[in-house]
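Peer 1:
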Amino acid sequence: MEENFQSALTEREGIEQPMQVNPNLTRHKRRVLSLDDYVEGILKGDRVILSRAITMIESANPEHFEMAQAIIERCLPHSGNSLRVGITGVPGVGKSTFIESFGTMLTGMGHKLAVLAIDPSSERTKGSILGDKTRMEALSVDPHAFIRPSPSGSTLGGVARKTRESIILCEAAGFDVILVETVGVGQSETVVKSMVDFFLLLMLAGAGDELQGIKRGIMEMADGLVINKADGDNKAKAVGAKAQYRAALKLFPKNESQWDVPVEVCSALEGYSIDKVWKMILQYEALTKANGYFEKNRTEQHVNIFYNWINFTLQNDFYNNEEKATEIERLLPLIREKRISPYMAASKVIRNE
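Just so we're aligned: 1288 in my numbering is position 89 of the sequence shown, and the numbers increase by one with no gaps anywhere.
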């Protein structure tokens, strides 16, 4: 064999590999904002600062909590000048499509719109998809709209615990219409009702017995019923369902607002009769402001916030107490072993026995 023979298996020298990190790249650390920075940014309508402030009020960090409360207190005098609308309905009713169509119409009329969309949280992982911006393609790029998806967490009714504070910040930022989209329908939607001026219930036609398809308690809370997806072959069914719902609503006692709950049909997909929904809301606003119910409702909302905040503070302080946490951990094995009833164990923790 010749000495200069070169095997094909001989490893050849490769090319010089580039650096994995661009040496010219400068890392930009996000600037820490002061209380004044947050408040001034929100009042100027800065969406980035508004988003950061909402993230802070949703945070469980104690330092963030203190800052968030200071921001809310400073923004509170600048809030209250919007029309707050809660939107709920069974899964699949088309809430996101409706908000996309309805919101685009409102911004086209010159309104500044904030959408606080509540995404369901997983009971197992506690995570949320937060995909409302992907479902509202036109509205998400509208310069007059602000969409903020938030996880529902474990809050009753699928409404994030800090939604009320988010409403205050959005109003201070100049948004004059606030839409709160909830996870779905349930008796716990009273949580939504307690924070909005108008509660809109979206319905479906042709999905079974219309009058049995939803609990009476939800219909009694609604200020307006809208049958969505009234398009194509479903339009005739929607008109028929409208008559059924109107007849059913006549059996309910009159609302304290003295408002006769209307029923409308619409197609969010085609934009059919979306304008009628806004006219319905404006008529409600005019009536309730004239008879004093609008202001009374807002006042009661403040009272509800007062009690809810007491409950939250007591619960938060209770579970963050080291002695209580230690006692709970001591009692949990006894409960599992059935050596003590859960009722007796709870009493011992609460009463320091």
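In this text, a Cβ means the ideal position worked out from N, Cα and C, and glycines have one as well.
Note that this is a predicted model, so its numbers are computed, not measured.
Leaving out five residues on either side along the sequence, give the residues of the same chain with a beta carbon under 8 Å from the beta carbon of residue 1476.
Peer 2: What you label residue 1476 is simply residue 277 of the sequence shown in a count that begins at 1. So the qualifying residues of the chain are 1301, 1399, 1423, 1425, 1463 and 1465.
Peer 1: Given a threshold of 16 other Cβ atoms within 10 Å of its Cβ, counted over all protein chains shown, does residue 1505 qualify as buried or as exposed?
Peer 2: Here the question's residue 1505 lines up with position 306 in the sequence shown. So residue 1505 ends up on the exposed side.
Peer 1: Looking at residue 1283: is its Cβ nearer than 8 Å to the Cβ of residue 1396?
Peer 2: Mapped onto the sequence shown, residue 1283 falls at position 84. Mapped onto the sequence shown, residue 1396 falls at position 197. For residue 1283 and residue 1396, yes; Cβs fall inside 8 Å.
Peer 1: What are the boundary residues of the beta strand (DSSP E) that residue 1232 is part of?
Peer 2: Within the sequence shown, the letter at position 33 stands for residue 1232. Note, residue 1232: premise wrong, no beta strand (DSSP E); not H, not E.
Peer 1: Quick one: Cα of residue 1554 to Cα of residue 1480, how far?
Peer 2: Since the displayed the chain opens at 1200 and closes at 1552, residue 1554 lies outside it and no answer follows.
Peer 1: Let me confirm a value: residue 1542 is counted as buried when at least 16 other C-beta atoms fall within 10 Å, else exposed. Which label applies?
Peer 2: Position 343 of the sequence shown holds residue 1542. Exposed, since its Cβ has fewer than 16 Cβ neighbours within 10 Å.
Peer 1: From what residue to what residue does the alpha helix (DSSP H) around residue 1505 run?
Peer 2: On the sequence shown, position 306 is the one that residue 1505 refers to. Run containing residue 1505: 1492-1518, per the alpha helix (DSSP H) assignment.
Peer 1: Hey, residue 1315 and residue 1305: beta-carbon distance below 8 Å or not?
Peer 2: Locating residue 1315 in the sequence shown gives position 116, where the first residue counts as 1. Locating residue 1305 in the sequence shown gives position 106, where the first residue counts as 1. Not a contact, by the Cβ cut-off of 8 Å.
Peer 1: Determine the burial state of residue 1497: buried for a count of at least 16 other Cβ atoms within 10 Å of its Cβ, exposed for fewer.
Peer 2: Within the sequence shown, numbered from 1, the residue matching residue 1497 stands at position 298. By the neighbour-count rule (16 or more Cβ atoms within 10 Å), residue 1497 is not buried but exposed.
Peer 1: Can you list, in chain order, the residues of its chain whose CB lies under 8 Å from that of residue 1251, leaving out five sequence neighbours each side?
Peer 2: Translated into the one-based positions of the sequence shown, residue 1251 becomes position 52. So the qualifying residues of the chain are 1232 and 1237.
Peer 1: Which residues in the same chain have their Cβ closer than 6 Å to the Cβ of residue 1325, if we skip the five residues on either side of it in sequence?
Peer 2: Numbered from 1 along the sequence shown, position 126 holds the residue referred to as residue 1325. Any reading at residue 1325 needs caution, since the residue's pLDDT is 42, under 50, leaving its predicted position unreliable; the model's value is listed next. Cβ neighbours of residue 1325 beyond the five flanking positions: none.
Peer 1: Can you tell me where the alpha helix (DSSP H) with residue 1279 in it begins and where it stops?
Peer 2: One-based indexing of the sequence shown puts residue 1279 at position 80. Neither: residue 1279 is in no alpha helix (DSSP H) and is coded neither H nor E.
Peer 1: Helix, strand or coil for residue 1402, going by three-state DSSP, please let me know.
Peer 2: For the purposes of this step, residue 1402 is taken as the residue at position 203 of the sequence shown. Three-state DSSP puts residue 1402 in a strand.
Peer 1: Counting pairs of Cβ atoms below 8 Å between the segment 1271-1278 and the segment 1291-1298, do you hit three or more?
Peer 2: They do not touch, by the three-pair rule.
Peer 1: Quick check: what's the CA-CA separation for residue 1229 versus residue 1247?
Peer 2: Start at 1 with the first residue of the sequence shown, and residue 1229 comes out as number 30. Start at 1 with the first residue of the sequence shown, and residue 1247 comes out as number 48. Each residue's Cα considered, the two are about 12 Å apart.
Peer 1: Give the secondary structure of residue 1290 by DSSP, where H, G and I count as helix, E and B as strand, and everything else as coil.
Peer 2: As a first step, residue 1290 must be located in the sequence shown, where it is residue number 91. Residue state, collapsed to three classes: coil.
Peer 1: What residues in its chain sit with their C-beta under 7 Å from that of residue 1441, if we drop five residues either side in the sequence?
Peer 2: Start at 1 with the first residue of the sequence shown, and residue 1441 comes out as number 242. So the list reads 1426, 1462 and 1464, once near-sequence residues are dropped.
Peer 1: Rounding to the nearest angstrom, what Cα-Cα distance links residue 1488 and residue 1494 in this structure?
Peer 2: Working through the sequence shown from its first residue, we reach residue 1488 at position 289. Working through the sequence shown from its first residue, we reach residue 1494 at position 295. Roughly 7 Å separates the two Cα atoms.
Peer 1: Check whether the Cβ atoms of residue 1401 and residue 1517 sit closer than 8 Å, and answer yes or no.
Peer 2: For the purposes of this step, residue 1401 is taken as the residue at position 202 of the sequence shown. For the purposes of this step, residue 1517 is taken as the residue at position 318 of the sequence shown. No, the Cβ-Cβ distance between residue 1401 and residue 1517 is not below 8 Å.
Peer 1: Taking DSSP's pairing of strands, which residues face residue 1464 in a bridge?
Peer 2: As a first step, residue 1464 must be located in the sequence shown, where it is residue number 265. For residue 1464, which the question treats as bridged, DSSP gives the partners 1426.
Peer 1: Residue 1287: which of 1430, 1403 and 1448 sits nearest, CA to CA?
Peer 2: Here residue 1287 refers to the residue found at position 88 when the sequence shown is read from its first residue. Taking only the C-alpha atoms, the option nearest residue 1287 is 1403.
Peer 1: To the nearest angstrom, how far is the alpha carbon of residue 1524 from that of residue 1472?
Peer 2: Start at 1 with the first residue of the sequence shown, and residue 1524 comes out as number 325. Start at 1 with the first residue of the sequence shown, and residue 1472 comes out as number 273. Spanning the two alpha carbons is a distance of roughly 55 Å.
Peer 1: Can you tell me the Cβ-Cβ gap for residue 1509 and residue 1368, rounded? I've got them flagged as a contact below 8 Å.
Peer 2: Your numbering for residue 1509 matches position 310 in the sequence shown. Your numbering for residue 1368 matches position 169 in the sequence shown. Residue 1509 to residue 1368, Cβ: 22 Å. No contact.
Peer 1: Just curious, the beta strand (DSSP E) that residue 1262 is in, first and last residue?
Peer 2: Position 63 of the sequence shown, counted from the first residue, corresponds to residue 1262. Premise fails: residue 1262 lies in the alpha helix (DSSP H), 1261-1274, not in any beta strand (DSSP E).
Peer 1: Run through DSSP, which three-state label would residue 1349 get?
Peer 2: Reading the sequence shown from its first residue, position 150 is the one you call residue 1349. Of the three classes helix, strand and coil, the one that applies to residue 1349 here is strand, per DSSP.
Peer 1: Exposed or buried, what is residue 1408 when buried is set at 16 or more other beta-carbons lying within 10 Å of its beta-carbon?
Peer 2: In the sequence shown, counting from the first residue as 1, residue 1408 sits at position 209. Because the pLDDT at residue 1408 is just 47, under 50, the model does not fix this residue reliably, and the value given afterwards should be weighed accordingly. Looking at its Cβ environment, which holds fewer than 16 other Cβ atoms inside 10 Å, residue 1408 is exposed.
Peer 1: Grouping DSSP H, G and I as helix and E and B as strand, with all else coil, what is residue 1377?
Peer 2: As a working mapping, residue 1377 is identified with position 178 in the sequence shown. Looking at residue 1377 - three-state DSSP - the assignment turns out to be strand.
Peer 1: Return yes when the Cβ of residue 1388 is within less than 8 Å of the Cβ of residue 1418, no when it is not.
Peer 2: Within the sequence shown, the letter at position 219 stands for residue 1418. Within the sequence shown, the letter at position 189 stands for residue 1388. No, the pair does not count as a contact, with Cβ atoms beyond the cut-off.
Peer 1: Could you give the C-beta distance for residue 1447 and residue 1242, rounded to a whole number, given that I count them as a contact under 8 Å?
Peer 2: Working through the sequence shown from its first residue, we reach residue 1447 at position 248. Working through the sequence shown from its first residue, we reach residue 1242 at position 43. 46 Å between Cβ atoms; not a contact.
Peer 1: Enumerate in chain order the residues of its own chain whose CB-to-CB distance from residue 1410 is below 8 Å, with the five nearest sequence positions on each side excluded.
Peer 2: In the sequence shown, residue 1410 corresponds to position 211, counting from 1. Here the model assigns residue 1410 a pLDDT of 47, short of 50, so the residue's position is not dependable and the matter cannot be decided.
Peer 1: Can you tell which of 1392, 1244 and 1258 has the C-alpha that lies nearest to the C-alpha of residue 1499?
Peer 2: The count along the sequence shown starts at 1 and reaches residue 1499 at position 300. Answer by Cα proximity: 1392.
Peer 1: What residue range does the alpha helix (DSSP H) around residue 1457 cover?
Peer 2: Taking the first residue of the sequence shown as 1, we reach residue 1457 at position 258. Where residue 1457 is concerned, there is no enclosing alpha helix (DSSP H), given that its DSSP letter is neither H nor E.
Peer 1: Are there 16 or more other CB atoms within 10 angstroms of the CB of residue 1363, so buried, or fewer, so exposed?
Peer 2: Start at 1 with the first residue of the sequence shown, and residue 1363 comes out as number 164. Residue 1363 is buried by the Cβ-count criterion.
Peer 1: Using DSSP's beta-bridge definition, name the partner residues of residue 1314.
Peer 2: Mapped onto the sequence shown, residue 1314 falls at position 115. Its beta-bridge partners are 1346 and 1378.
Peer 1: At the level of alpha carbons, what is the spacing between residue 1257 and residue 1234?
Peer 2: For the purposes of this step, residue 1257 is taken as the residue at position 58 of the sequence shown. For the purposes of this step, residue 1234 is taken as the residue at position 35 of the sequence shown. So the two alpha carbons sit approximately 17 Å from each other.
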